[in-house]
Amino acid sequence: MTAPVTPALPLSQDARKRMTLDGLWQFKFEGDADWRSISVPSVWQSEFSDLRDAFGTASYRRQFFLPQEWAERDISLHFGAVNYFAEVLVNGQPIGNHEGGYLPFSLTIPNSILKAENEIEVSVTLPSADATRYPQFPFSEIPHGKQSWYGPLGGIWQSVTLEARDTSHIKHADVRADLSSGAVRFDLDLSASAADAEVRVAVYGPDGALEAAAKGSGRTLSVVVGEVKSWSPDAPQLYRADISLSVADAIVDATSVTFGFRTIETRGGQLFLNGAPLYMRAALDQDYYPEGICTPPSLEFLEDQARKAKALGLNTLRIHIKVPDPRYYDVADRIGLLIWTEIPNVQTFSDASARRMRETMQGIVRRDGHHPSIIAWTIINEDWGTRIVENADHRQWLAETYDWLKTLDPSRLVSDNSACFPNFHVKSDLNDYHYYRSIPERREEWDDITRQFAEGAAWSYSGLGDAQWRGEEPLIVSEFGVWGLPDPSKLLLQDGSEPFWMETGATWGDGVAYPHGVQKRFRALHLGTVFKDFGSFIEAAQWYQFANLKYEIEVMRAHPKIVGYVITEFTDVHWEANGLLDINRNPRVFHDDFASINSDIVVIARPNAWSAYAGEVLEVDLSVATGGASIPDGATIRWTYGQDGERALPATGANAVASVGIVPMQMPETDVNRMLRIELEVMSNGRRLATNVLDIALYAKRGRANLPSIASKDPALRAFAETLGYPVSEPDKAEVNLAHALDESDIEAMRHGARYLVIADGSIPTHRNLRKDIPEGEKLYREMTIDERDMPVGIDQQLPGIGLIAREGTLWRGDWIANFSWIRRKGAFASLPGGPLLDLSFEKVVPHHVMTGFRTFEYAGPVHGGLVIGWVHKPAVTIAERRVGRGNLVATTFRLTSGPAGTDPVAAALFDAMIATVNQSK
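In this text, residue positions in the sequence shown follow our numbering: the first is -9, and each later residue adds one.
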């Protein structure tokens, strides 16, 4: 039972005392002869270069002096987290052990073994995948999260404290606060000797004033707070409960816990925070740090990154398959960020690994359940560790674990499996899905997948007869994005050297994720002739990332049934360079602009094309998405680009789209090709609610005078060129010949001086090169067999020595790891607006193939267009010249003829530039 009381008891001499044991410890890894020093908290991989990838067992030790006044007290050691298995000894006597790498544990030190000066020794085992050596917990069966990506993490990675307390003490306080009634329930875990002690609680409001108090003798106390102030990102109102344990009217133990009044729920396909519509604007946060890897450097660092998250317009962070330092949640509570947390995954599903995942989740709820910032849990990420696509037992376990977790914590949402192709949901509060496509390379795919998802695609849930799908689960695109690149000069250590992780990532993405040597590769490919310098390339890569995110967010926001998204990711993580901040938390170049597209109210401008000729009318479909906000009556949308316009907006509620309709915009006259920026804003009673921009590649009207004559065996190519104004001639008289692929007669013509433009867009079958025939000289070689196998043929051996590779199914396709596609703006290509990287204006002609067979020196001149992947790897070509005999060719994989001639300014401009380039080669 509980009764109201005004607490006024003094702390007794028996109140709890603490001593930090953080700092330098002695350390010895298995097989080492000598001890060395290590900082605690940290993982040994962050401290020692020779242990970067080390699994195994390490010993830690340090001394402490026991204060005289602590004599006869209950003395315990508290570890924030140790990865993975810890065995603890004091003065050579074992006092306990703990399995699990992410959660706190305490061990009582028997008074009989304590002295004035004492020694602690901790043996820490991080198991490898060798099940013969670690049969009780092989790495594949323990929760480990992204250690399988970025490297193992072993050791005492959170703080260690020594504590003196009364034998009657509070072990833990669970808090449940009800927003509707103001009721707060405290469920206490007390030591055995505290069974008859009196418990008092005092609740203080956000302003520090006492709001409620109670006392009782049981393990449950309840109070009611009047005039409750709810917690939200916009108003992170926190309450504090001071809980004390008293014996004979003296407090023998006391603790404090913060909490907030907050609800999160789903209804009708929408999210509601405290009863108000919520649009989730989230980023994935892997909780990795520049030097400590998994250990944050300071509270101030965590506060700084949280403020940067809010400045970017984010209202949520999704902690990705990792349990963070508890200060992370404290900061989110105080600064106002919603948090979505996940169980670290295993690799192999077994009874033991399933048990460990549930135990980890139970520990997370116990440690972190009082934080109002946490609104959702994930059980499994992308079917990692389970195999739900093929295993019915795993699907059943997933549904049962969902039910178990909802019973354990009914106050939060649960995603059973945060899904990606080809896996799915079974039973979930959220219908969330991951997919990655880069823009402009795969723009149409992004549009189509997003449309299907918004329309309730069946592929997001199990189609095996066991899905418990209500059809009202909110739709969230819970991973998407593309790489930019950080500025390596901002990542250097104090001595000017690279961080260790610059030499990791080589095993990912066929090597394209390897950072070390990026400047050297940039120089070797002569990309300084394309970009002003390396810094300009990095800046362009970051703006490319922004353009991708901008487009993809706008497409999602055009579908009101999608009520949230999670950008991959908040910060770069070692070699993975898709962060809104780099790993040191330096902002990208677009930092100050990002909130304009990452806010509740977003202007969506969808033109019928991202390029136009001067004087044309561009049709722009204008709409405004509201997210968790609304558009009041009388609001307008305005645009300006030298010509101004305005239209009224209908009053529109939350999580909806206000359609303006098609707005015809007259393009201005221009004598030179340039980028045209259309600025848009939503206004209401003199207040700006939202802004955005639409960039259009504006082309001067084409001239048709003095065009060189062309010829082609392909009637469609002849007609295409003729429509563009090129005079058609016979092949032996034409200045330029057109082809989609070459045969021996074309090679012979070039040998005698002919000039060709080869539009190698994959429309003609070839031998994975520019040839549709087999040279007669290869006949004997092709008839050879060795060991009953035909001899392989190099794709770039046949003249003109250029391979042709389809991007689909390769890393050149344009996906999670970005393809940075460029055209050098020099010579005939100098008049192309924008660049050097491709933008949305190229979306109709973007190549589906790339060319190979070029040496690095050729990138200094003959190669006019190409791409690199990730950290400047796997260079490939999209426009290039090559001599053949006395003749010459320009080959391109741009799809110049994919639409009617003259309808796409970009296709026409590229065609003109390539004809001019090959015709200038005498």
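All C-beta atoms, glycine included, are put in the ideal place defined by N, C-alpha and C.
The model shown is predicted, which means the values in this text are computed figures rather than measured ones.
Can you name, in chain order, every residue of its own chain whose Cβ lies under 8 Å from the Cβ of G495, other than the five neighbours on each side?
So the qualifying residues of the chain are A503, Y504, P505, H564, W565, E566, W861.
With distance defined between alpha-carbon atoms, name the residue in L608, P400, D437, W15 nearest to I28.
W15
Is it true that the CB of A272 sits closer than 8 Å to the CB of T918?
Here the chain covers residues -9 to 912 and nothing more, so residue 918 does not appear.
Taking the runs of the beta strand (DSSP E) that are 3 residues or longer, which of them lie wholly in the segment 419 to 505?
421 to 424, 465 to 470
Buried or exposed: where does Q53 fall if 16 or more other Cβ atoms within 10 Å of its Cβ makes it buried?
exposed
Cβ pair count under 8 Å reaching 3, the segment 396 to 413 against the segment 361 to 378
By the Cβ rule, the segment 396 to 413 counts as touching the segment 361 to 378, because three or more pairs are nearer than 8 Å.
For the structure I just gave you, are there three or more beta carbon pairs, one from the segment 553 to 563 and one from the segment 461 to 475, closer than 8 Å?
Yes, the segment 553 to 563 touches the segment 461 to 475.
Exposed or buried, what is F129 when buried is set at 16 or more other beta-carbons lying within 10 Å of its beta-carbon?
F129 is buried by the Cβ-count criterion.
Own chain partners of V579 with C-beta closer than 6 Å, once the 5 adjacent residues on each side are dropped
Excluding residues within five positions, the ones whose Cβ falls inside 6 Å are E529, Q532.
For L714 and F901, the rounded distance between their alpha carbons
9 Å
For the segment 287 to 362, which segments carrying the beta strand (DSSP E) assignment without a break, of at least 3 residues, lie completely within its bounds, in sequence order?
306 to 309, 328 to 332
Buried or exposed: where does W25 fall if 16 or more other Cβ atoms within 10 Å of its Cβ makes it buried?
Exposed: under 16 other Cβ atoms inside 10 Å.
Inter-residue Cα distance where the pair is A739 and L732
11 Å
Quick check: the segment 851 to 859 against the segment 764 to 772, are there 3 or more CB pairs under 8 Å?
With contact defined as three or more Cβ pairs closer than 8 Å, the segment 851 to 859 and the segment 764 to 772 are not in contact.
Give the DSSP-derived three-state secondary structure of D611 in the structure shown.
strand
M774, DSSP secondary structure in three states:
coil
State buried or exposed for Q83, treating a residue as buried only when at least 16 other CB atoms are found within 10 Å of its CB.
exposed
Apart from the five residues just before and just after P658, which ones in its own chain have a Cβ nearer than 6 Å to its Cβ?
G632
DSSP three-state call for F17: helix, strand or coil?
strand
Looking only at its own chain, which residues have a Cβ that is under 6 Å from the Cβ of R708, when we skip the five neighbours before and after it?
S702, V718
Do S821 and V896 count as a contact pair if the criterion is CB distance below 8 Å?
Result no, Cβ atoms of V896 and S821 do not sit closer than 8 Å.
If Y229 sits next to G206, beta carbons under 8 Å apart, how far is it from one beta carbon to the other, in whole angstroms?
Under the criterion of beta carbons closer than 8 Å, Y229 and G206 do not qualify as touching, at roughly 19 Å.
Measuring CA to CA, which of D704, R873, R845, G651 is closest to K864?
R845
Return the CA-CA distance between D751 and T887, expressed in angstroms with no decimal places.
9 Å
Write down the C-beta distance between Y279 and P287 rounded to the nearest angstrom, noting that I regard them as a contact closer than 8 Å.
6 Å
Where F584 falls, given that 16 or more other Cβ within 10 Å makes a residue buried
buried
Is it the case that the Cβ atoms of I85 and L97 are separated by a distance below 8 Å?
yes
Uninterrupted beta strand (DSSP E) stretches inside the segment 796 to 839 (no shorter than 3 residues):
809 to 813
How long is the line joining the alpha carbons of S911 and N878, rounded to whole angstroms?
7 Å
I think S49 touches S113, with their Cβ atoms under 8 Å apart; what is that distance to the nearest whole Å?
About 5 Å; that satisfies the 8 Å criterion.
Can you give me the Cβ contacts of A724 inside the same chain, cut-off strictly under 6 Å, excluding the 5 residues immediately before and after it?
S699, I700, A701, listed in sequence order.
Thinking just about the alpha-carbon of each residue, which of W498, W806, A447 is nearest to the one in R432?
W806
Note down the Cα distance separating L801 from G13, rounded to an integer number of angstroms.
45 Å
Assign T397 to buried or exposed, taking buried as 16 or more other Cβ atoms, counted over all protein chains shown, within 10 Å of its Cβ.
exposed
Expressed to the nearest angstrom, what Euclidean distance is found between the alpha-carbon atoms of E606 and Q656?
Their backbone Cα atoms lie some 6 Å apart in a straight line.
E107, buried or exposed, once every other Cβ within 10 Å from all chains shown has been counted against 16
exposed
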